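Take the sequence shown: its position 240, counting from 1, is numbered 450 in our numbering, and each next residue is one higher.
All residues carry an ideal CB built from backbone N, CA and C; glycine is no exception.
Just so we're clear, the structure is a prediction, and the values are computed from it rather than from any experiment.
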Amino acid sequence: MNSLESHAERNRVLEQLNVEFREQWKFGSNALVGWRPVEGGIDYIVVPALAVFSSAQKHRRVVNGGRMMGRRTFAEVAELLETKPRHFSYGVPPAAPAPVSPADINTIFIRYTITQTRNRAVFLHDIAGFSLFSPEEQAAQLSTLEYSLNIAEEKIADFGTAVDLARSTTGDGYYAWNRIKGEDADVNVFCVLMVALAHQALQQRKITNRQIPTIRTVFGTGSHYSYHQNNRVSAVGSDYIVGEITINLARLINHAQPNQILISGLKNGNAEGSGGTKMLDFFDHAAAILEGFTDIEMGELTISRISTYLTGEQKDDGSYAVRELNITDKHGMNHTAYNAKVNIFLSDDEPIFLGLQDEDASHQNT
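Given below as structure tokens:
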């Protein structure tokens, strides 16, 4: 089989895989859980979506880790879920090599799964006073906000940084996260946020009308579930996340003031007090990495560097402490957060200072 024939065979199998997975998915009532390679094809597990959530704590691989499983893990998960695995045949001779790679299969398979990420950085952009604007102004503001995210992702990628920004709309803003996992990826999405804030600030200098939004921002890390919303006629859709981190950010954004940047103290599902220390370490590390992104061209202007810090009271020795904000939401739940400032230094213009001063944020302790 020549390369052209191999490519055609690969596409045929991937199309058939997608058709079968989509049929088993049943418009979202079911979820695919895991798969393993076998001779001539794959075996895979599919169960009602609600069974995934009810069994998630009984075996970590139900929702955590890669969806390709070893023989033993695959058997354990199938037994736990009380289901018989299904088989998909490649339709090739027994001695023939597999026409698709594990990566190919995962690309299709993941569209129909529900998975959990134990820790990931996410930020929430929220347009202040959104409901007070006309529909045309609302659309313009959301478009402008997304434009800044796109520009920031591109600028960070120009430095050779691994970032694949996903976002989902909240109606008056966006959740955004890096599809790539790991602490380095979390630092990268932090840097995307800071560059996006810088781009928005430059836009406000040029355009003073109501098309440029005034935003509130919360950044944090935590766990979440992921799923993919597929369209009716294809597997092309959108990524969505929901869980500990999105709930935390949503609660904090309700207490954020216009132009404020809050950093959540939530970390790894721990009590927020201990999580706060980890977030402070993360913030210091990410802020140092951010300083390395220099001479970022933004149209006619060049950002020489961006620095960010957490605010607090000045101590006797002249240094500054970091103020911990203790916020109680409308449900009586307590949250820890920190107020951030961002300084944007331009090569040929005056610097721009973003965020609230400590005295303006300190009253948020409730």
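| Item | Value |
| --- | --- |
| Sequence-distant residues of the same chain with beta carbon closer than 8 Å to residue 415, five excluded per side | 562 |
| Between the CA atoms of residue 286 and residue 254 - distance to the nearest angstrom | 13 Å |
| Stretch-stretch touch, CB-based, cutoff 8 Å, three pairs: the segment 517–524 with the segment 450–466 | no |
| Same chain, Cβ closer than 6 Å to residue 410, neighbours up to 5 away in sequence not counted | 358 |
| Host alpha helix (DSSP H) of residue 365 (start-end) | 345–367 |
| Three-state class that DSSP yields for residue 501 in the structure shown | coil |
| Sequence-distant residues of its chain with Cβ nearer than 8 Å to residue 249 (five each side left out) | 304 |
| Test item: CB-CB of residue 405 and residue 473 under 8 Å | no |
| Residue 533 in three-state terms, based on DSSP | coil |
| The ligand NAD heavy atom lying under 7 Å from the CB of residue 300 | Ligands displayed in this structure: none; no statement on the ligand NAD is therefore possible. |
| Closest residue to residue 296 among 335, 540, 256, 367 (Cα-Cα distance) | 256 |
| Residue 642 versus residue 218 - alpha carbon distance | With the chain running from 211 to 576 in the structure shown, residue 642 is simply not present. |
| Residue 476 beta carbon less than 8 Å from that of residue 432 | yes |
| Contact the segment 333–345 vs the segment 376–390: 3+ CB pairs below 8 Å | yes |
| Burial state of residue 504, where buried means 16 or more other Cβ atoms lie within 10 Å | exposed |
| Buried versus exposed call for residue 323 [16 or more other C-beta atoms within 10 Å across all chains shown] | buried |
| Burial state of residue 479 (16 or more Cβ within 10 Å) | Legend: pLDDT at residue 479 = 46, less than 50; position of this residue unreliable, value from coordinates given subsequently. Exposed. |
| Residue of 340, 458, 508, 529 minimising C-alpha distance to residue 408 | 508 |
| Nonlocal neighbours in the same chain, by C-beta distance under 8 Å from residue 424, ignoring five residues either side | 337, 338, 339, 468, 469 |
| Where the beta strand (DSSP E) containing residue 240 begins and where it ends | 240–248 |
| Spatial distance of residue 456 from residue 435 (CA atoms) | 10 Å |
| Contact under 8 Å by Cβ, residue 288 with residue 262 | no |
| Cβ neighbour criterion (16 or more within 10 Å) applied to residue 547 | buried |
| Burial state of residue 426, where buried means 16 or more other Cβ atoms lie within 10 Å | buried |
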